[in-house]
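K.L.:
A single structure is presented below for examination.
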Ligand SMILES: [Zn+2]
Ligand SMILES: [Zn+2]
């Protein structure tokens with residue numbers, strides 16, 4: 001007859017693992033976790049995991065999804081956790097906390113320096129966000145716009161593979177905005193941005209569901225975060241790119257009522273952006289309907305193809321007053337906006 005095995009304290013294999021192996025495993029977990037709870041829950045498992053999880057190396061490797069905090073879950077604990085990851089050297093933590101402080105907590109200087117810290121680590125979303133801030137003079141007055149700096153930051157971010165930055169750069173070149181006009185080069189970059197976007201969608205489809213054929217042609221219901229190619233005028237597939245958790249947080253923060261926008265300020269209408277205005281009339285406006293505002297040319301172009309071209313129409317009152325206004329030539333409709341954007345113009349580029 002076999003004798004039952006006696007489990008003693010010494011037989012615990014986990015205890016036998018050396019610390020550096022545990023830290024190595026946790027580094028892998030923090031860089032690949034698909035949600036904050038994936039990582040945080042493991043820390044509450046036992047004292048040893050809690051101690052190792054707070055290791056500088058583990059926190060420095062934390063990926064963006066570890067910081068995908070919901071706005072209504074924002075707390076002193078979440079803030080402290082982000083700060084610890086910033087101190088450990090995580091570029092994603094610098095960027096996320098920078099965006100939250102700049103746009104949500106109105107701590108502009110600190111938010112900017114955190115984003116700059118991430119940008120110095122070649123964090124492309126941080127470079128792009130700094131570009132948007134320079135283009136708009138966000139956090140300051142209209143006079144503080146620095147278009148050349150915006151273009152330079154966009155160029156750096158696009159070299160690192162940031163698709164929105166590439167699209168923005170293409171529009172700047174096409175329009176001669178902050179850079180010498182070069183229409184052919186601008187169009188080339190816009191085509192490249194769409195091609196890269198499509199490639200990233202195909203990659204995510206094949207990774208998540210290799211057997212399914214989700215890429216179809218023709219208009220589909222718009223649903224961000226899923227694969228939903230739309231057909232634009234040029235016959236290209238336009239897909240919703242993956243949204244950074246920091247952008248989700250911003251939109252969630254203002255739409256859920258956690259944060260209140262000062263009177264007269266509006267959110268960027270592109271659903272994957274979430275940036276709010278920092279002063280009245282900061283953002284560009286669709287000059288046909290005058291109903292939507294965008295932080296950047298890139299956001300406007302993407303939202304036009306994804307959604308707005310199906311909704312945009314001139315207000316009836318304008319149609320009665322002036323039949324020709326719908327062609328977008330009236331750049332100052334409604335008055336006050338710093339930069340109206342002609343809907344449809346520059347947006348039909350493949
Ligand atoms: Zn935007
Ligand atoms: Zn419109």
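In the working numbering, the protein residues as written are 1 to 350.
Just so you know, even glycine gets a beta-carbon here, dropped at the ideal spot from N, CA and C.
Pull up the CB-CB distance for residue 189 and residue 161, whole angstroms please, since I reckon it's below 8 Å.
P.N.:
At roughly 13 Å, the Cβ-Cβ gap does not stay under 8 Å, so residue 189 and residue 161 are not in contact.
K.L.:
When the distance is taken between beta carbons, is residue 36 closer than 8 Å to residue 68?
P.N.:
Result yes, Cβ atoms of residue 68 and residue 36 sit closer than 8 Å.
K.L.:
If you measure between the beta carbons of residue 132 and residue 295, is that distance less than 8 Å?
P.N.:
Their beta carbons are under 8 Å apart, which means residue 132 touches residue 295 by this criterion.
K.L.:
Check whether the segment 119-128 and the segment 137-149 touch, using three or more Cβ-Cβ pairs below 8 Å as the test.
P.N.:
No, the segment 119-128 does not touch the segment 137-149.
K.L.:
If you draw a straight line from the C-alpha of residue 200 to the C-alpha of residue 244, how long is it?
P.N.:
One C-alpha to the other measures close to 14 Å.
K.L.:
Does DSSP put residue 95 in a helix, a strand or coil?
P.N.:
Note: residue 95 maps to helix in three-state DSSP.
K.L.:
How big is the Cα-Cα spacing for residue 361 and residue 136?
P.N.:
This structure cannot settle anything about residue 361, because the visible part of the chain is limited to 1 through 350.
K.L.:
Going along the chain, which residues of its own chain have a beta-carbon closer than 7 Å to the beta-carbon of residue 150, five neighbours each way excluded?
P.N.:
Cβ neighbours of residue 150 beyond the five flanking positions: 131, 134, 135 and 178.
K.L.:
Return the first residue and the last residue of the alpha helix (DSSP H) that residue 27 is part of.
P.N.:
First-last of the alpha helix (DSSP H) with residue 27: 19-32.
K.L.:
How many Å lie between residue 38 and residue 163 at the Cα?
P.N.:
Answer to the nearest angstrom: the Cα atoms are 28 Å apart.
K.L.:
Mind the definition here: the segment 53-62 touches the segment 26-33 only if three or more C-beta pairs lie below 8 Å; say whether that holds.
P.N.:
Yes, the segment 53-62 is in contact with the segment 26-33.
K.L.:
Between which two residues does the beta strand (DSSP E) carrying residue 286 extend?
P.N.:
Where residue 286 is concerned, the enclosing beta strand (DSSP E) stretches over 284-286.
K.L.:
Tell me, to the nearest whole angstrom, how far the beta carbon of residue 166 is from that of residue 196; I am working on the premise that it is less than 8 Å.
P.N.:
Rounded, the Cβ-Cβ distance is 7 Å, consistent with contact.
K.L.:
Between which two residues does the alpha helix (DSSP H) harbouring residue 118 extend?
P.N.:
Its alpha helix (DSSP H) spans residues 108-120.
K.L.:
Could you say which of 49, 297 and 308 lies nearest to residue 175 if we only look at CA atoms?
P.N.:
Residue 175 has its Cα closest to that of 297, out of 49, 297 and 308.
K.L.:
By Cβ distance below 8 Å, which residues in the same chain neighbour residue 112 in space, the five residues on each side in sequence not counted?
P.N.:
Answer for residue 112: 98, 102, 130, 133 and 139, listed in chain order.
K.L.:
So what does residue 267 bridge to, in DSSP terms?
P.N.:
Its beta-bridge partners are 276.
K.L.:
Quick check on the DSSP output: the alpha helix (DSSP H) that includes residue 78 runs from which residue to which?
P.N.:
From DSSP, the alpha helix (DSSP H) with residue 78 extends over 76-88.
K.L.:
Can you tell me which residues fall inside 6 Å of ligand 1, judged by beta-carbon distance to its nearest heavy atom, and keep chain order?
P.N.:
Ordered along the chain, the selected set is 268, 270, 273, 275, 294, 295, 296 and 299.
K.L.:
Does the Cβ of residue 291 lie closer than 7 Å to at least one heavy atom of ligand 2?
P.N.:
Result yes, Cβ under 7 Å from ligand 2.
K.L.:
Give the straight-line distance between the Cα atoms of residue 280 and residue 43, rounded to the nearest whole angstrom.
P.N.:
Taking the straight line joining both Cα atoms gives about 44 Å.
K.L.:
With distance defined between alpha-carbon atoms, name the residue in 120, 75 and 89 nearest to residue 100.
P.N.:
That would be 75, whose Cα lies nearest to the Cα of residue 100.
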